[in-house]
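If you read the sequences in order, they're chains A and B.
Count the first sequence with the numbering used here and you get residues 3 to 573, in order.
Count the second sequence with the numbering used here and you get residues 3 to 573, in order.
Yeah, the Cβ is synthetic: ideal placement off N, Cα and C, and Gly gets one too.
Accompanying notes for the structure given below.
Number of protein chains: 2
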Amino acid sequence: MTSAPAQALYERHKDHLAAGLEACATRAYWSPFVESPSGKLHAPGRPEEGKARFEALLGKPFELDQPGETGRVGHEVSPYTGQPLGVDYPHVDPDALFSAARKAMQGWQGLTPEERAGICFELAFAMEEQAFANAHATMHTAGQAYLMAFSGSGANALDRGIEALVYAYKALDDVVPHATWRKSFGRSGIVTLDKAYRIRGRGVAVVVCCATFPLWNAYPAIFANLMTGNPVILKPHPNGILPVAMAVRRMREVLAETGLDPNMVTMAADEREDPITITLLEHPDCAIVDYTGSQRFGLWIEQNCRDRLVYTETAGCNGVVVESLPDPDGAIGGLANGFCGFSSQMCTSPQNVHIPADGVALADGGHWSFEAFGRKLAETIAARTEDPKRAAGLCGAVQAHRSLELIEEVRERVIEAGGRVVLDSRPYDHPDFPDAQTATPLVVEVDAGQEALFGEEIFAPVCFLIREPDRDAALDHAARIAREHGAISSYLYSADRDYIERAQDVFTDAGASLWINMDQRMPINFAAAYSDYHVTGLNPAGNACLADLAFVAQRFRIVQFREPVPAEAAE
Amino acid sequence: MTSAPAQALYERHKDHLAAGLEACATRAYWSPFVESPSGKLHAPGRPEEGKARFEALLGKPFELDQPGETGRVGHEVSPYTGQPLGVDYPHVDPDALFSAARKAMQGWQGLTPEERAGICFELAFAMEEQAFANAHATMHTAGQAYLMAFSGSGANALDRGIEALVYAYKALDDVVPHATWRKSFGRSGIVTLDKAYRIRGRGVAVVVCCATFPLWNAYPAIFANLMTGNPVILKPHPNGILPVAMAVRRMREVLAETGLDPNMVTMAADEREDPITITLLEHPDCAIVDYTGSQRFGLWIEQNCRDRLVYTETAGCNGVVVESLPDPDGAIGGLANGFCGFSSQMCTSPQNVHIPADGVALADGGHWSFEAFGRKLAETIAARTEDPKRAAGLCGAVQAHRSLELIEEVRERVIEAGGRVVLDSRPYDHPDFPDAQTATPLVVEVDAGQEALFGEEIFAPVCFLIREPDRDAALDHAARIAREHGAISSYLYSADRDYIERAQDVFTDAGASLWINMDQRMPINFAAAYSDYHVTGLNPAGNACLADLAFVAQRFRIVQFREPVPAEAAE
């Protein structure tokens, strides 16, 4: 089976596919999506219409025409208002969902890689069409600031999806559909075989989404799976259902409009009190797991889902090594942005700053003591968060109440351990949402030996200034934590090329990527689709590279047929 | 680090690499190796010299200059003479071996993909240079006939190795070493980042080899791992050490001659009474497992090595569906060869022939009853094995005494169950080796319902003629066994295109490849490198495709660095 509407979609998007292939090859910047919500870039009224679309969803059941509905679930609370969204979603019978997904999968196998690419691009642009509504839904579930919710959970996230689409296409395209093979076999002479190769998906994929970025990791998983022939069941975080539900409903509509079975994309929502994730993952028809979330549950998956193909992105205990400062203002500004950005609730946010006890040299010949560096960073963070409007744009809201507790716990434990609070955390007053759950970064000073305080990811806006014996100890310590506890983005500030090169080797051995001398002209932890590989797979932060061939090549398999061509036909 | 000698090897072999890439893309026939031992294709005296080289190894310690030797092991017995080879090998301390491998890995990481390809091609040609000696070593361990031992365990096996090399090169080549990325960030204007991407192997690979093809699966694993940066520890079967030891010693010599650490390739031999495999697989430094062998141990690996990347090739319970015969002589001849070939000790050998109870139509309008089909096949097998010289060339020897016991057990169980022996198995008299352990195929008739008799792989020359209610039942039964118990090669004989197409769909759903109407002009189960994918990964026969991108892309990971380019330099 091939599909005429799907072929038409390929024709519509083939230039995008070509451009995506080019971007993944050069790893230069590219995006087919509008990244900014600026009114100048959109038709008049679009921002307001998107907001209205979001608001129209509140306080009522979210209809999702999918199989197996057995009841309703959903108790999302907005981190901005503290109020329930009042939306409920289908509670599903997993058996019915898996069964429908497997049925949908049958028809999907006949689509060519080009047709699949056409459909997936169409789905991605359908997502972009609801980027404004998605931004509001993401704000009021994940707590992201508006700008981040629009671009980071919109265009930037869709780009990661397209990147996975492109890599999947490359892997599929590597398998020719037919071949003619001729070989001499002694007295038989030349034997000619007709060979045919058929791509098969592995089975149903369960995509477990996280609370703070409901779709950023979901899009790559969705498109990688659809491209390689696997239906997806999305399992949103109990407080991040709405953006996922909106995506699933729109994707199902597009699939149906294309004459395809919409059950290639379904959703299984749950509530904290009645979780469904393990049931989904242990279902005999679950073939692939794409997981984003805590390291603890990630470990459970790795140990208990051994028959499945598992891709994970878990915690990053991200370190910063400060050796010297070629651009002190740029470094401090960049780091301050990094700690404030979405209140450090990103997997790429820095946490631990390893600084030599005798301070760091500046490019102009000056020198900052350990304390002076910490003071500068704390002052800059304080300045960034002083004006509520600026704080709101930078920090957004804190998704989980647990993060606020963590701040309290860290403060208490640091003081108990003889450390020092350099800058306390405080809630800032959000200008638009007086009841927003907010927290500025807590900056504390500790000794290198007090690793129990900072040796794991603390999912909260917390900055540890770690007093290291010297620059080599700083480097080795940061790298060791990355290797043992996982890191997604590590940072280095140094003007010494020899030291930088050594740091590259040390972090390579630790299996961690390193961002060097990132300044404040861009978010230091910005992860660019088509260009930045995400987790390395060499440390405990997971293995979902987003995307490389390893992210896609195992998701499908090849079945082959061969048949001799009669001698006369083979001439 | 790059290596001048390695660069020279790349220059020497770059045309081979280009030709290999082309072959994998078109999946047409290609080989850089001489497949036949015919004297016409080799320098005078080469066959004799190879035999002498093998004989010179017998009855003495095999010196392998590798770390961690703690004693000697080895009790191989020739299936042709029944006599011990009298060769012993190092018994190793796994810690020392892993430690040396990890050290070797460090230096290897700096080699470019091209340099690695150059080295691996050089290793492969070094293997070809000892193809005659290897053929004798393979005969007297695995039991293969001389011709198969030369080509099937020589050129054909090396081709599978080169195929893996080529796929690994493709996957590595997909990662550019450097990129320049430019993006506008609002008021900051254009930010330019220099990016660098570093390939890293995952760690030490343990390659577990099997008894009947000591190197066929080992070469793909060795080259896939070396290409992607991973050292290999080869673990030969206790009765298949010599060919592996010869390969390891020669590879280590070539590596040392190239100025590289030879500990990228080492061997850990053992004896049945004191096995070392689990110790190797459970070693904390074991990152990758490439396994060929029994389904039972394969399952143990899948369940117990969950932190490792695991590739397996286990059992094939291969079925033949006979619907009708477009070329009766070709089909019967092809099948007879398939059952006799290396006494059915290949993972691609057929076992179960599913035949409609009311027989099969012939192309000329004739018809064979179920019994007539079985009789024709049995007669042809009997004819093939009547002349000892012909039997020797076709059947070779039986590697394991257990296979002879299995023949006895099957005969007994079939008779007990009311089945019928159509052709009994017998030892044939090998013309050159009077004490050879031999067995011609046992052909038995059973009912479809007696699946307990034939529903798993029986590693012995046994042919089940299975009486099926009709052609649809035959198809469904064979496909179900493939899906549930694993199949590497399945076979179909039919003149009905509609039926063939349906069979393709049914076998696709079972995750099994299908060879259609294979006749006697070539071995029906010949698996061609660069063209035939091996196991599909969709049934219990394993997941080692040998080779596709899935076989290589997970064996390495990517570490990244990025650094802003100052504004003036970025112009």
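Please list, in chain order, the chain A residues whose beta carbon lies closer than 8 angstroms to that of residue i.
{"i": "C547 of chain B", "result": "R559, I560"}
{"i": "Q347 of chain B", "result": "Correct list: empty, because the minimum Cβ distance to chain A is about 21 angstroms."}
{"i": "V193 of chain B", "result": "R523, M524"}
{"i": "K185 of chain B", "result": "Y31, M524, A530"}
{"i": "G513 of chain B", "result": "R202, R559, V561"}
{"i": "N519 of chain B", "result": "E565, P566"}
Report yes if the C-beta distance between residue i and residue j is below 8 angstroms; otherwise report no.
{"i": "R274 of chain B", "j": "P238 of chain B", "result": "no"}
{"i": "A106 of chain A", "j": "P233 of chain A", "result": "yes"}
{"i": "S345 of chain B", "j": "A441 of chain B", "result": "yes"}
{"i": "S289 of chain A", "j": "R413 of chain A", "result": "In the sequence as displayed, the identity of residue 289 of chain A is Ala instead of Ser. For A289 of chain A and R413 of chain A, no; Cβs fall outside 8 angstroms."}
{"i": "Q146 of chain B", "j": "G398 of chain B", "result": "yes"}
{"i": "D329 of chain A", "j": "D521 of chain A", "result": "yes"}
{"i": "R559 of chain B", "j": "T314 of chain A", "result": "no"}
{"i": "V448 of chain A", "j": "A419 of chain A", "result": "yes"}
{"i": "V256 of chain A", "j": "E410 of chain A", "result": "no"}
{"i": "W183 of chain B", "j": "A530 of chain A", "result": "yes"}
{"i": "Y171 of chain B", "j": "M229 of chain B", "result": "yes"}
{"i": "A198 of chain A", "j": "F563 of chain A", "result": "yes"}
{"i": "R557 of chain B", "j": "A226 of chain B", "result": "yes"}
{"i": "V400 of chain A", "j": "V446 of chain A", "result": "no"}
{"i": "E470 of chain B", "j": "A454 of chain B", "result": "no"}
{"i": "I468 of chain A", "j": "N339 of chain A", "result": "no"}
{"i": "L244 of chain B", "j": "L113 of chain B", "result": "no"}
{"i": "F509 of chain A", "j": "Q353 of chain A", "result": "no"}
{"i": "D287 of chain A", "j": "V209 of chain A", "result": "no"}
{"i": "P216 of chain A", "j": "T143 of chain A", "result": "yes"}
Check the DSSP bridge columns for residue i and list the partner residues they point to.
{"i": "Y495 of chain B", "result": "B:V324"}
{"i": "P92 of chain B", "result": "B:R74"}
{"i": "E57 of chain A", "result": "According to DSSP, E57 of chain A bridges with nothing at all."}
{"i": "N354 of chain A", "result": "A:G321, A:F466"}
{"i": "L425 of chain B", "result": "B:V445"}
{"i": "M269 of chain A", "result": "A:L236"}
{"i": "R564 of chain A", "result": "A:K197, B:W517"}
{"i": "G544 of chain B", "result": "B:E315"}
Residue i touches chain B at which residues, Cβ-Cβ below 8 angstroms?
{"i": "T182 of chain A", "result": "A30"}
{"i": "L551 of chain A", "result": "A173, D176, L551, A555"}
For a contact meaning CB atoms closer than 9 angstroms, what does residue i contact in chain A?
{"i": "N158 of chain B", "result": "Chain A residues near N158 of chain B: none, gap ~11 angstroms exceeds 9 angstroms."}
Starting from residue i, find everything on chain A with Cβ-Cβ shorter than 7 angstroms and list it in chain order.
{"i": "K53 of chain B", "result": "Those do not exist, as K53 of chain B stays about 22 angstroms from chain A at its closest Cβ, beyond 7 angstroms."}
{"i": "Q305 of chain B", "result": "R308"}
{"i": "P516 of chain B", "result": "Per the sequence shown, the amino acid found at residue 516 of chain B is Leu instead of Pro. The answer, in chain order, is F563."}
{"i": "Q506 of chain B", "result": "F563"}
{"i": "K197 of chain B", "result": "R29, S533"}
Applying a beta-carbon distance threshold of less than 7 angstroms, which residues of chain B neighbour residue i?
{"i": "T510 of chain A", "result": "R200, R202, V561"}
{"i": "S190 of chain A", "result": "R523, M524"}
### Query
Is the segment 379-386 of chain A in contact with the segment 424-436 of chain A, if contact means three or more CB pairs nearer than 8 angstroms?
Counting C-beta pairs closer than 8 angstroms gives three or more between the segment 379-386 of chain A and the segment 424-436 of chain A, which meets the contact rule.
#### Entry: Touching by the beta-carbon criterion (3+ pairs, under 8 angstroms), the segment 533-549 of chain B and the segment 146-159 of chain B
Taking 8 angstroms as the limit for Cβ pairs, the verdict is that the segment 146-159 of chain B does not touch the segment 533-549 of chain B.
### Task
Output, in sequence order along the chain, the residues in the segment 222-255 of chain B whose CB is closer than 7 angstroms to any CB in chain A.
Among the residues of the segment 222-255 of chain B, none has a Cβ less than 7 angstroms away from any Cβ of chain A.
### Message
Tell me whether the segment 276-296 of chain A and the segment 91-101 of chain A touch, counting them as touching only if at least three CB pairs, one residue from each stretch, are closer than 8 angstroms.
### Response
Taking a cut-off of 8 angstroms on C-beta distances, the segment 276-296 of chain A touches the segment 91-101 of chain A, as three or more cross pairs fall below it.
### Task
Specify whether the segment 255-263 of chain A and the segment 101-121 of chain A touch according to this definition: at least 3 beta carbon pairs, one from each stretch, less than 8 angstroms apart.
At 8 angstroms Cβ cutoff, the stretches touch.
### Query
If contact means a Cβ-Cβ distance below 7 angstroms, which residues of the segment 522-540 of chain B contact chain E?
Within the model displayed, chain E is absent; protein chains A and B are what it includes.
### Query
Is the segment 217-232 of chain B touching the segment 246-256 of chain B, taking contact as three or more C-beta pairs under 8 angstroms?
Flag = yes, the segment 217-232 of chain B and the segment 246-256 of chain B touch.
### Task
Evaluate contact between the segment 452-461 of chain B and the segment 485-495 of chain B, counting only Cβ atoms and requiring at least three cross-stretch pairs below 8 angstroms.
Look at the beta carbons and you see the segment 452-461 of chain B touching the segment 485-495 of chain B: at least three pairs across the two are nearer than 8 angstroms.
### Query
Is the segment 48-66 of chain A in contact with the segment 131-139 of chain A, if contact means three or more CB pairs nearer than 8 angstroms?
Touching, yes, given that three or more Cβ pairs across the two stretches are closer than 8 angstroms.
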